[in-house]
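J.: Following this message is one structure expressed as structure tokens.
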Amino acid sequence: MKYKRVIVWFKNDLRLHDHAALFSACKESSEIIPVYCFDPRQFGTVELGIQKTGPFRAKFQAEAVDNLRKNLEMLGGNLIIRIGKPEEIIPDLAEKYEAEAIFFSEEITKEEKTIEEALENAVWKKGIQTNSFWQSTLFHIEDLPFPVNQTPEVFTQFRKECEKFSLVRKIIDRPDHVNFPAINCDFGQIPELSTLGVQEPVASAKGVMQFAGGEDEGIKRLQTYFWDHDGLKTYKETRNGMLGPDYSSKFSAWLALGCISPRYIYEEVERYESERKKNDSTYWMVFELIWRDYFKFICKKHGSKVFMLQGIKNNVDNWRKDENLFWKWADGETGIPFVDANMRELNATGFMSNRGRQNVASFLVNDLEIDWRWGAMYFESQLIDYDVCSNWGNWMYVAGVGNDPRENRYFNILKQANNYDKKGDFVRNWIPELAKIQGYDIHQPSNLTKNELKSFSVHLGANYPHPILAFSKKEKTMTAKN
Ligand SMILES: Cc1cc2nc3c(=O)[nH]c(=O)nc-3n(C[C@H](O)[C@H](O)[C@H](O)COP(=O)(O)OP(=O)(O)OC[C@H]3O[C@@H](n4cnc5c(N)ncnc54)[C@H](O)[C@@H]3O)c2cc1C
Numbered sequence: 003m004k005y006k007r008v009i010v011w012f013k014n015d016l017r018l019h020d021h022a023a024l025f026s027a028c029k030e031s032s033e034i035i036p037v038y039c040f041d042p043r044q045f046g047t048v049e050l051g052i053q054k055t056g057p058f059r060a061k062f063q064a065e066a067v068d069n070l071r072k073n074l075e076m077l078g079g080n081l082i083i084r085i086g087k088p089e090e091i092i093p094d095l096a097e098k099y100e101a102e103a104i105f106f107s108e109e110i111t112k113e114e115k116t117i118e119e120a121l122e123n124a125v126w127k128k129g130i131q132t133n134s135f136w137q138s139t140l141f142h143i144e145d146l147p148f149p150v151n152q153t154p155e156v157f158t159q160f161r162k163e164c165e166k167f168s169l170v171r172k173i174i175d176r177p178d179h180v181n182f183p184a185i186n187c188d189f190g191q192i193p194e195l196s197t198l199g200v201q202e203p204v205a206s207a208k209g210v211m212q213f214a215g216g217e218d219e220g221i222k223r224l225q226t227y228f229w230d231h232d233g234l235k236t237y238k239e240t241r242n243g244m245l246g247p248d249y250s251s252k253f254s255a256w257l258a259l260g261c262i263s264p265r266y267i268y269e270e271v272e273r274y275e276s277e278r279k280k281n282d283s284t285y286w287m288v289f290e291l292i293w294r295d296y297f298k299f300i301c302k303k304h305g306s307k308v309f310m311l312q313g314i315k316n317n318v319d320n321w322r323k324d325e326n327l328f329w330k331w332a333d334g335e336t337g338i339p340f341v342d343a344n345m346r347e348l349n350a351t352g353f354m355s356n357r358g359r360q361n362v363a364s365f366l367v368n369d370l371e372i373d374w375r376w377g378a379m380y381f382e383s384q385l386i387d388y389d390v391c392s393n394w395g396n397w398m399y400v401a402g403v404g405n406d407p408r409e410n411r412y413f414n415i416l417k418q419a420n421n422y423d424k425k426g427d428f429v430r431n432w433i434p435e436l437a438k439i440q441g442y443d444i445h446q447p448s449n450l451t452k453n454e455l456k457s458f459s460v461h462l463g464a465n466y467p468h469p470i471l472a473f474s475k476k477e478k479t480m481t482a483k484n
């Protein structure tokens with residue numbers, strides 16, 4: 003063994019399967035001390051008083067850490083849990099418990115990198131080594147057919163080159179034993195959300211499904227969606243749905259916290275293809291995971307630019323900073339039912355479909371012309387599946403400051419509503435005030451006569467807002483990603 007004792011610092015990699023840092027630590031060290039820190043900075047507030055991590059994700063995160071601890075315990079290990087800055091806590095723990103090295107997953111974006119570097123500096127001063135591992139993507143960074151700083155700007159080119167010249171590595175086995183040292187240690191408790199300054203979420207029965215954090219739940223979801231419900235077989239046709247658990251995989255929250263590995267999903271797709279069916283849908287699941295990779299490598303390539311107003315395209319548009327309009331959008335009070343229903347779903351559950359995300363984002367940036375970063379910050383706070391690269395990358399894309407070859411990514415909300423919620427059931431689910439309006443009419447209550455509105459118990463300006471914009475402001479140039 004190279005080391006006597008190593009700390010494995012868990013972050014957004016809350017699993018035991020396909021975990022390069024844990025696997026290597028088990029191989030190279032006699033004893034392993036797994037550590038997780040709830041970093042108070044993740045729960046602080048940013049512009050407009052928006053909290054970086056809202057209730058749904060905070061709860062999911064706590065559940066995921068709890069599940070990691072249980073799974074480590076089953077292997078003979080444990081997990082030290084602390085609240086505080088990892089770059090301070092981990093060097094102290096390393097010194098106290100005489101660890102010779104810290105192993106962890108490599109991050110991509112600025113805030114996370116800064117913490118990583120601060121930790122490295124702190125431990126190096128104490129003569130403790132660090133070893134970081136790339137492990138969040140389907141394609142390993144070392145297997146890309148181009149240097150990461152030459153990642154193609156256009157998704158299709160990125161995908162085609164990866165598909166042609168790279169292979170997805172096999173997943174790394176779950177360790178069968180984690181040898182925790184016999185030390186006298188306070189392992190720490192999972193904090194209450196109130197300790198983190200976050201409110202307890204109130205679960206809505208109207209959500210697509212109940213999300214519970216952790217590796218076990220992530221793997222269970224895959225079992226349900228792929229194998230029990232056979233959802234993968236029709237994924238390509240259903241993935242633009244908006245109601246119910248099985249129109250899409252719902253893997254995103256588990257992927258974001260690393261409870262499930264993209265390579266595990268990939269291998270399960272391959273198994274499904276050989277045991278059940280191979281078709282466009284099975285391929286499309288991998289296609290979407292490549293989008294996820296693409297945003298990670300684009301963020302790695304462009305660094306902090308992805309958080310800047312002009313984005314990576316250096317597009318200096320005029321963006322409004324109208325707080326009143328912004329909060330109407332965020333609260334689902336725009337008077338545009340398709341937008342409001344999606345935002346109300348997000349606020350009530352922490353989840354929104356991909357179709358919904360594209361529409362509400364386009365509405366904020368193209369129709370209201372509001373600083374796209376406010377939208378990205380709000381999503382960061384609310385989404386249960388917030389992933390720094392997928393979120394900021396997609397927002398840049400919609401805002402036209404990313405690397406989209408199409409100039410105008412405007413979504414015509416009414417046309418989208420007609421395509422994806424023709425009968426209005428999605429809006430009816432989330433805006434009960436409008437529920438009595440029949441069929442597609444629910445998308446334009448302001449087109450109804452006073453008598454009609456009265457018969458449906460809708461009082462515009464009283465129980466549902468007047469639209470904040472008249473339709474259709476822009477040409478019908480709506481396009482969709484795919
Ligand atoms: C403005 C905006 C913000 C977004 N923010 C996030 C975010 O913070 N976290 C996040 O995981 N996704 C984000 N997405 C991408 C996408 O909407 C979600 O990944 C998807 O809706 C999650 O549902 P699912 O797991 O059922 O997806 P599925 O359709 O089942 O897709 C399978 C997986 O592929 C990946 N994927 C699918 N679409 C995309 C995409 N456009 N970009 C990157 N990865 C994708 C996800 O990991 C997803 O879990 C955002 C999209 C938009 C338009």
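Residue numbers for the sequence shown, in the working numbering: 3 to 484. Ideal Cβ placement from N, Cα and C applies to all residues, glycine included.
S250: beta carbon under 8 Å from a heavy atom of ligand 1?
T.: S250: yes, Cβ under 8 Å from ligand 1.
J.: Quick one: is P42 buried, meaning 16 or more other Cβ sit within 10 Å of its Cβ, or exposed?
T.: Looking at its Cβ environment, which holds fewer than 16 other Cβ atoms inside 10 Å, P42 is exposed.
J.: Can you give, in chain order, each stretch of the beta strand (DSSP E) that sits fully within the region 259 to 298 and has at least 3 residues?
T.: Entirely contained in the region 259 to 298, not one beta strand (DSSP E) run reaches 3 residues.
J.: Between the C-alpha atoms of L385 and R59, what's the straight-line distance to the nearest angstrom?
T.: Their backbone Cα atoms lie some 7 Å apart in a straight line.
J.: List the whole-angstrom C-beta distance separating C261 from G209, where the pair is believed to meet the contact cut-off of C-beta under 8 Å.
T.: 19 Å between Cβ atoms; not a contact.
J.: How is the beta strand (DSSP E) around A184 delimited, first residue to last?
T.: That residue, A184, is in no beta strand (DSSP E); it is neither H nor E in DSSP.
J.: Can you have a look at D188 and say buried or exposed, based on whether 16 or more other CB atoms are within 10 angstroms of its CB?
T.: Burial call: exposed.
J.: Indicate, with yes or no, if ligand 1 has a heavy atom lying under 8 Å from the CB of E165.
T.: No, the beta carbon of E165 sits no closer than 8 Å to any heavy atom of ligand 1.
J.: Which complete beta strand (DSSP E) runs does the region 82 to 149 hold, if anything under 3 residues is left out?
T.: If we require 3 residues or more, the beta strand (DSSP E) runs fully inside the region 82 to 149 come out as 82 to 85, 103 to 107 and 131 to 135.
J.: In the DSSP assignment, find the alpha helix (DSSP H) that holds K456 and state where it starts and stops.
T.: That run of the alpha helix (DSSP H) goes K452 to S457.
J.: Does the Cβ of I185 have 16 or more other Cβ atoms within 10 Å, making it buried, or fewer, making it exposed?
T.: Result: exposed.
J.: Can you give me the Cβ contacts of H1 inside the same chain, cut-off strictly under 8 Å, excluding the 5 residues immediately before and after it?
T.: Nothing about residue 1 can be read from this structure; the chain reaches only from 3 to 484.
J.: Measure the beta-carbon distance from Y422 to N242 and round it to whole angstroms, keeping in mind my assumption that it falls under 8 Å.
T.: Right, their Cβ atoms sit about 6 Å apart.
J.: Let me know the secondary structure DSSP gives A482 once reduced to three states.
T.: Because the pLDDT of A482 is 31, which lies under 50, any placement of that residue in the model is unreliable, and the question is left without a value.
J.: Could you name the residues of the same chain whose beta carbon sits closer than 7 Å to that of A419, not counting the 5 residues immediately before and after it, in chain order?
T.: Closer than 7 Å at the Cβ level, and outside the excluded window around A419, lie F340 and H445.
J.: Within the present structure, is the beta-carbon of V403 separated from the nearest heavy atom of ligand 1 by less than 8 Å?
T.: Flag unset: Cβ of V403 not near ligand 1.
J.: Nearest to Y274 by CA position, among A255, I300 and L224, is which residue?
T.: Checked all of A255, I300 and L224; the closest Cα to Y274 is L224.
J.: Between K235 and S276, is the Cβ-Cβ spacing less than 9 Å?
T.: No, Cβ-Cβ distance for K235 and S276 is not below 9 Å.
J.: With DSSP collapsed to three states, give me the class of Y388.
T.: Here Y388 sits in coil by DSSP.
J.: Any heavy atom of ligand 1 within a distance shorter than 8 Å of the CB on L259?
T.: Result no, Cβ not under 8 Å from ligand 1.
J.: Using a 10 Å radius around the Cβ and a threshold of 16 neighbouring Cβ atoms, would you call T47 buried or exposed?
T.: By the neighbour-count rule (16 or more Cβ atoms within 10 Å), T47 is not buried but exposed.
J.: Within the chosen definition, does the region 385 to 405 reach the region 297 to 310 through at least 3 CB pairs nearer than 8 Å?
T.: These segments touch.
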